[in-house]
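Reading through the structure tokens given below for one structure.
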Amino acid sequence: MRPSNFSAFTVNLRSGSMTYTDRLPLQGQPVTARITRSNNNRFGAVLSAVYGFWITRGSGATGPRRDAYSVITFESYARSQISNDSTSTSDQLLDRLVQLRADGGTDFDAALKETRTTMVNNWSTDRSPVVVFLSDGECWVNDNTIYDLCNEAVSRGKPLSFHAVSFGQDSSSTSLRRMVTVAERVVQDAPRDPLTPVVPCSYSDAMDTIRLAETFINIADSLKKPRAALLRA
156 MRPSNFSAFT VNLRSGSMTY TDRLPLQGQP VTARITRSNN NRFGAVLSAV
206 YGFWITRGSG ATGPRRDAYS VITFESYARS QISNDSTSTS DQLLDRLVQL
256 RADGGTDFDA ALKETRTTMV NNWSTDRSPV VVFLSDGECW VNDNTIYDLC
306 NEAVSRGKPL SFHAVSFGQD SSSTSLRRMV TVAERVVQDA PRDPLTPVVP
356 CSYSDAMDTI RLAETFINIA DSLKKPRAAL LRA
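This note's numbering runs 155 ahead of the 1-based position in the sequence shown.
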């Protein structure tokens, strides 16, 4: 089995609801004060979780590393804030996000389309694609949009491992769960490479800051132990 290298895309909502202060940045991180100064709110909690993901994957003070990171933020539109970065440290990556502000609405289709564009523009045959998609609320999503993203990865030779994270009420997670269902179907129908097993797709509820941080760490850990079989969300 070959060592697994990943192109990891974190797709994070930063709509107006992410300014709510019912959930705050994770305490005890080296970057807690820096995040709190600019985003002492739900979006700050998300930045803490993403930072923890990078640290868990080994993005510390030195580079380069095997993984490449992209970060897409979305509200009524989507934008790639970081694209295919394989050299910056976790602190340097955070510096490019910490001054962002949450505002606007929610458009899952726009986020998925921007993710596909970023993936295509930075495709690497040496890295397997992984998407971590987070929202704190519900939004309609077109099945074709998620199918297009997943089928694009398969057509380029590597199935997409898709992870949806709900940072809101489970009752508002229908579209997130649907994304995972579609992603699993595409992976199940894709050709298998026994030397590069696919990391199972997943859906997770994260109702508070600690559970959110744990969820991102668990996803990062799962990349160290890929399996060929998918788990149902």
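Even for Gly, the Cβ is constructed at its ideal location relative to N, Cα and C. Predicted, not measured: the structure shown is a model, and the values here were computed from it.
Assuming Val287 and Ile190 are in contact, meaning their beta carbons sit under 8 Å apart, how far apart are those beta carbons, in whole angstroms?
One-based indexing of the sequence shown puts residue 287 at position 132. One-based indexing of the sequence shown puts residue 190 at position 35. The Cβ separation is near 18 Å, so there is no contact.
Distance between beta carbons of Met274 and Glu307, contact taken as under 8 Å
The residue given as residue 307 occupies position 152 in the sequence shown. The residue given as residue 274 occupies position 119 in the sequence shown. That pair is a contact at about 7 Å.
If you compare alpha carbons, which of Glu293, Pro284, Ser235 is closest to Ala266?
Counting from one through the sequence shown, the residue named residue 266 turns up at place 111. Out of Glu293, Pro284, Ser235, the CA that lies nearest to the CA of Ala266 is found in Ser235.
Span of the alpha helix (DSSP H), counted from its first residue to its last, around Thr270
Reading the sequence shown from its first residue, position 115 is the one you call residue 270. It spans 263–276 - the alpha helix (DSSP H) in which Thr270 sits, taken as one unbroken run.
Could you please give me the residues that DSSP links to Leu289 through a beta bridge?
If you number the sequence shown from 1, residue 289 lands on position 134. According to DSSP, Leu289 bridges with Asn167, Val320.
CB-CB under 7 Å to Thr211, same chain, minus the five flanking residues each way: which ones, in chain order?
Here residue 211 is taken as the residue at index 56 of the sequence shown, counted from 1. Hits under 7 Å: Ile372, Ala375, Asp376.
Residues of its chain near Phe208, where Cβ-Cβ distance is below 8 Å and the 5 sequence neighbours each way are ignored:
In the sequence shown, the residue the question calls residue 208 occupies position 53. Within the same chain, Phe208 has close Cβ partners Ala163, Thr165, Val287, Phe371, Ile372, Ile374, Ala375.
Determine the extent of the beta strand (DSSP E) in which Gln236 is found, giving its start and end residues.
Stepping through the sequence shown from its first residue, residue 236 is reached at position 81. Run containing Gln236: 233–240, per the beta strand (DSSP E) assignment.
Once the 5 residues before and after Asn277 are set aside, which same chain residues still bring their CB inside 8 Å of it?
Looking up residue 277 in the sequence shown gives position 122. Same-chain partners within the cutoff: Ser162, Ala223, Ser225, Ser238, Asn239.
Gly260 and Gly292: beta carbons closer than 7 Å?
The residue you call residue 260 lines up with position 105 of the sequence shown. The residue you call residue 292 lines up with position 137 of the sequence shown. No; because the gap between Cβ atoms is not below 7 Å, this pair is not in contact.
In its own chain, which residues sit with a C-beta less than 7 Å from the C-beta of Tyr358, not counting the 5 before and 5 after it?
In the sequence shown, the residue the question calls residue 358 occupies position 203. Ala319, Leu331, Arg332, Val335, Ala388.
Could you tell me which of Arg282, Thr300, Ser326 sits nearest to Ser241, measuring between CA atoms?
One-based indexing of the sequence shown puts residue 241 at position 86. Ranking the options by Cα distance to Ser241, first place goes to Arg282.
So which of Pro314, Ser203, Arg220 has the shortest CA-CA distance to Val186?
Position 31 of the sequence shown, counted from the start, is the residue given in the question as residue 186. Of all alpha-carbon atoms in Pro314, Ser203, Arg220, the one lying nearest the alpha-carbon of Val186 is that of Ser203.
When the distance is taken between beta carbons, is Ser290 closer than 7 Å to Leu168?
Here residue 168 corresponds to residue number 13 of the sequence shown, with the count starting at 1. Here residue 290 corresponds to residue number 135 of the sequence shown, with the count starting at 1. Yes.
Sequence-distant residues of the same chain with beta carbon closer than 8 Å to Val296, five excluded per side
Taking the first residue of the sequence shown as 1, we reach residue 296 at position 141. Within the same chain, Val296 has close Cβ partners Phe263, Asp264, Leu267, Ser330, Arg333, Met334.
Alpha carbon to alpha carbon, how far is Pro314 from Thr280? Give it in angstroms, no decimals.
Residue 280 sits at position 125 when you count from the first residue of the sequence shown. Residue 314 sits at position 159 when you count from the first residue of the sequence shown. Inter-residue distance for Thr280 and Pro314 is about 12 Å (C-alpha atoms, whole angstroms).
Any chance you could list the beta strand (DSSP E) runs of at least 3 consecutive residues sitting entirely within the stretch 305–373, in chain order?
Whole beta strand (DSSP E) segments, 3+ residues: 316–321, 357–360.
Please list the terminal residues of the continuous beta strand (DSSP E) segment that includes Thr228.
Translated into positions along the sequence shown, residue 228 becomes position 73. Where Thr228 is concerned, the enclosing beta strand (DSSP E) starts and stops at 223–229.
Per DSSP, the bridge partner or partners of Pro180:
If you number the sequence shown from 1, residue 180 lands on position 25. Answer is none; Pro180 lacks a bridge partner.
Taking 7 Å as the threshold (C-beta atoms), are Leu249 and Thr364 in contact?
Counting from 1 along the sequence shown, the entry for residue 364 is found at position 209. Counting from 1 along the sequence shown, the entry for residue 249 is found at position 94. The beta carbons of Thr364 and Leu249 sit no closer together than 7 Å.
Closest residue to Asp258 among Ala233, Thr244, Arg178 (Cα-Cα distance)
As a working mapping, residue 258 is identified with position 103 in the sequence shown. Ranking the options by Cα distance to Asp258, first place goes to Ala233.
In terms of residue numbering, what span does the alpha helix (DSSP H) encompassing Trp209 cover?
Taking the sequence shown and counting its residues from 1, one reaches residue 209 at position 54. In the DSSP assignment, Trp209 falls within the unbroken alpha helix (DSSP H) covering 197–211.
What number of angstroms, rounded off, separates the C-alpha of Val353 from the C-alpha of Ala361?
For the purposes of this step, residue 353 is taken as residue 198 along the sequence shown, with counting starting at 1. For the purposes of this step, residue 361 is taken as residue 206 along the sequence shown, with counting starting at 1. Distance between the alpha carbons of Val353 and Ala361: 24 Å.
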